[in-house]
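Sequential numbering of the sequence shown, starting at 1, is according to UniProt numbering.
For every residue, glycine included, the Cβ atom is placed at its ideal position computed from N, Cα and C.
None of the values given here were measured: they were computed from a predicted structure.
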Amino acid sequence: MPQEETPICHKCRQPPRDGSKLRKCGGCTGILYCSKECQKAAWPAHRVFCLHIADTARDFSLNDHEVQRFGYASCAAFTRTMSEFITAHTWAVDTTVEVQALLQNGPALALPHGGPQQQLYLIELACADGPLAPRPARNPAAAFKVAKHGFMPLEEYLRTDDAQNAAQTHAAFLRELSMTHAALSAQNYPLYAGLMPVMFEVSGVLAHLSRRVPIFRPIHARALDAVTTAALGDLVRLCVGSINGGAPLGNVDIERPHFAIPGQFARRDGKWAWTRQYKDWAHYHRMSAECGVLEMVKELQFGWAPEGLMDVYATFYEEREPR
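Structure (structure tokens):
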């Protein structure tokens, strides 16, 4: 599986050549480009989806009252915190989606790329502190908890009483998804299986965010036997527990992207950033005797240590020397 990379241009899939920052699309603000040329070239395919996102943002602003009961001044402030929350828990979110795709589809991972049966992964969040919680400089990593999560047909998710609008939204969503999928496919990475859209929302709140998670086929098509399935299920439980426990998991070794250790989200140079809390899991186990066991570890059911669960998942993707 490819290593984590710096942000890349939505069109050419390359980082800026001169070291400058990527620029956001002025309409949806969720797509990044390296140049005006790439933005112009991508516009025909991006236009409908972008305009829909811009319309949605305007709709969000008309519903500020929905988030004010949670202590947010506006939907813009709410989605900004949600974006920082997702950033804090990127490893756990992506690993949850990847493992669930593996468990649902098997090692072959023949994912559909479009059509009415296209799925998304829905993560329903709850504001962690309930209504009217004050928000002065609070840690975004602990702002939400996962209430439930799982796959849902895209058509069902986009269904509304306005059939025409639903059809347009569905078509725009698939067009944008297909464009990103085509760009990833053009890289000719043989194990790339498809793109999984991930939606984040809070019940009763219109404002929401989305993410795209590339899914890769395993290098080793090992069987999903009972032990492996149980271990992977516990890995998902660990990921969700890390999110809900406010102890975000982060990768510290790009050579082993399927391994992560507990950390914390802290202010650094005026921005929220992930920092490691332990050198490795062995360090955590030594410290837990004095400092206590993390909540995400208490919730595990399989009986294996967290690093053992990650190792099971890594065996699908890592090249290993024969013993």
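- Restricting attention to 70, 36, 195, the CA atom closest to the CA of residue 179 is found in 195.
- Closest in C-alpha terms to residue 245, from the list 45, 108, 170, 299, comes 299.
- DSSP places residue 200 inside the beta strand (DSSP E), whose first and last residues are 192-202.
- Cβ contact annotation for residue 267 (same chain, cutoff 6 angstroms, sequence separation greater than five): none.
- Beta-bridge partners of residue 127 (DSSP): 144.
- Judged by DSSP secondary structure, residue 315 falls outside any alpha helix (DSSP H); it is assigned neither H nor E.
- Residue pairing by DSSP puts residue 210 in a beta bridge opposite 199.
- Secondary structure note for residue 281: its alpha helix (DSSP H) is the uninterrupted segment 281-291.
- Boundaries of the beta strand (DSSP E) around residue 264: 261-268.
- Residue 215 is bridged by DSSP to 194.
- The alpha-carbon separation between residue 172 and residue 107 amounts to approximately 30 angstroms.
- Looking only at 259, 241, 275, 285, the smallest Cα-Cα distance to residue 296 is reached by 241.
- Of 237, 187, 198, the smallest CA-CA separation from residue 154 is found for 198.
- Residue 307 and residue 92 have their C-alpha atoms roughly 14 angstroms apart.
- Within the same chain, Cβ atoms closer than 7 angstroms to the Cβ of residue 203 are found at 124, the five residues on either side in sequence being excluded.
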